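Undergrad: Just so we're aligned, residue 406 is where the sequence shown starts under my numbering, counting upward by one.
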Amino acid sequence: MTAEIIDGTKLSEKILEDVKNRIKDSKKRPGLAIVIVGDNPASEIYVGLKEKKSKEMGFQCERYDLSEDIKEEDLLKLIDDLNQKQSIHGIIVQLPLPDHMNENLIVDSVLPHKDVDGFTPVNLGNLINDNNMIVPATARACMELIKSTGIEIKGKNAVIVGRSKIVGKPVSLLLLQEHATVTICHSKTEDLREHTKNADILVAAAGKAKLIKKNMVKKGAVVIDVGINRTLKGLEGDVDFEAVKEVAGYITPVPKGVGPMTIAMLLDNILIAMKLTGK
Ligand code: NAD
């Protein structure tokens with residue numbers, strides 16, 4: 406068996422087309438503010454991508470590059486100003502923040518209606534209450550990719566490898582909302598294979614190159630690879646793609662899988678935020 410490759414780029418283009426049409430139909434131009442603190446090279450790449458794509462799509466994008474040693478109170482003041490600014494509908498505070506900052510305090514200071522990353526307690530709480538408002542983009546991306554296969558999620562065994570607030574936990578909650586039986590694995594899980602081999606849907610979000618081997622995957626499974634690992638061989642996912650595609654039913658590649666879909670869902674989140682603010 407050779408898995409069908411889920412083309413994240415192609416799927417993202419459909420979503421972006423829809424986003425573009427909705428902007429065309431709207432009287433307002435959506436506004437995004439991206440705040441980046443310090444000079445983390447990976448953050449620089451991610452922010453560059455978000456800025457480029459949002460501008461291409463017709464968003465107004467303001468970028469705030471702040472020095473590593475900015476005081477927490479000054480960052481909070483900037484976020485407060487952006488919270489008040491009518492032309493800004495979405496605010497991204499790029500993570501990670503420098504060690505001297507209280508990340509939770511900073512993230513929580515973004516107005517929930519403008520929190521297009523979906524990381525504030527209000528947005529995560531809404532997700533737990535099955536009352537989704539703004540949902541983290543990577544988790545949404547995983548769901549769209551799974552749904553694109555046409556498989557029924559209800560009643561399936563879904564195994565998530567990784568329990569971060571950004572990916573693992575929100576994707577688990579979204580799969581629960583779709584009535585999957587969800588298992589969350591993490592770095593302290595004793596026998597990872599014991600869980601993954603039963604997965605009809607497997608989401609790998611551990612940040613460990615080629616963690617998921619062929620013998621850990623059930624025949625015909627849907628395998629979603631969230632991992633982005635920079636190795637000597639270049640970019641690699643968390644899944645040993647070449648081997649696992651021999652057994653899986655569907656699989657996302659890295660790159661061109663979850664990555665482009667995450668950007669598309671983020672831009673969609675900004676339109677949701679614009680609707681919520683009503684300005
Ligand atoms: P994280 O470091 O916050 O969390 C990783 C999780 O994996 C933790 O919960 C940890 O317990 C678990 N883990 C680590 N090693 C493990 C192991 N050997 N077995 C089982 N579980 C293990 O990372 P994150 O922010 O959730 O990101 C995960 C990966 O996804 C990273 O590679 C990141 O770059 C990538 N990512 C990609 C996108 C995208 O758009 N494609 C978006 C966000 C994150």
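Note that the Cβ used here is the ideal one computed from N, Cα and C, for glycine as well. Remember, it's a predicted structure, so these values are computed and weren't measured experimentally.
Starting from the C-beta of Lys-460, find all residues in its chain whose C-beta is less than 6 Å away, skip the five residues before and the five after it, and write them out in chain order.
TA: Taken in chain order, the residues that qualify are Cys-466.
Undergrad: Of all residues in the structure, which have a C-beta closer than 6 Å to any heavy atom of ligand 1, taken in chain order?
TA: Residues flagged by the Cβ proximity filter: Thr-543, Val-566, Gly-567, Arg-568, Ser-569, Ile-571, Val-572, Gly-573, Cys-590, His-591, Ser-592, Thr-594, Leu-597, Ala-610, Ala-611, Gly-612, Lys-613, Leu-616, Val-631, Gly-632, Ile-633, Asn-634, Val-663, Gly-664 and Thr-667.
Undergrad: Is Leu-437 near ligand 2 - that is, is its Cβ less than 8 Å away from at least one heavy atom of it?
TA: In terms of ligand content, the structure shown lacks ligand 2 and carries ligand 1 instead.
Undergrad: What's the C-alpha gap between Tyr-686 and Asp-444?
TA: Outside the shown range of the chain, which is 406 to 684, sits residue 686, and nothing can be said about it.
Undergrad: Taking all protein chains shown into account, decide if Ile-533 is buried (16 or more other Cβ within 10 angstroms of its Cβ) or exposed.
TA: The residue is exposed, with fewer than 16 neighbouring Cβ atoms inside 10 Å.
Undergrad: How many whole angstroms separate the CB atoms of Asp-605 and Lys-561, which I take to be in contact at a CB cut-off of 8 Å?
TA: Their Cβ separation, rounded to whole angstroms, is 4 Å, which keeps Asp-605 and Lys-561 in contact under 8 Å.
Undergrad: Could you tell me if Gly-664 is buried or exposed, where buried requires 16 or more neighbouring beta carbons within 10 angstroms of its beta carbon?
TA: Looking at its Cβ environment, which holds 16 or more other Cβ atoms inside 10 Å, Gly-664 is buried.
Undergrad: Are Val-644 and Ile-633 close, meaning C-beta to C-beta below 9 Å?
TA: Contact: no.
Undergrad: Among Thr-682, Asp-535 and Ile-668, which residue has its Cα nearest to the Cα of Lys-415?
TA: For Lys-415, the nearest C-alpha among the options comes from Ile-668.
Undergrad: Ile-420 by DSSP, collapsed to three states: which one?
TA: In this structure, Ile-420 counts as helix in the three-state DSSP scheme.
Undergrad: When DSSP labels each residue in this structure, what does Asn-509 get in the three-state scheme?
TA: In the structure shown, Asn-509 sits in a helix (DSSP, three-state: H, G or I).
Undergrad: How is the alpha helix (DSSP H) around Arg-545 delimited, first residue to last?
TA: Arg-545 -> alpha helix (DSSP H) spans 542-552.
Undergrad: Just how far apart, CA to CA, sit Glu-456 and Leu-502?
TA: Roughly 19 Å separates the two Cα atoms.
Undergrad: Looking only at its chain, what residues have a beta carbon closer than 6 Å to the beta carbon of Leu-580, apart from the 5 residues adjacent to it on each side?
TA: Once the five neighbours on either side are set aside, the close Cβ partners of Leu-580 are Ala-563 and Val-587.
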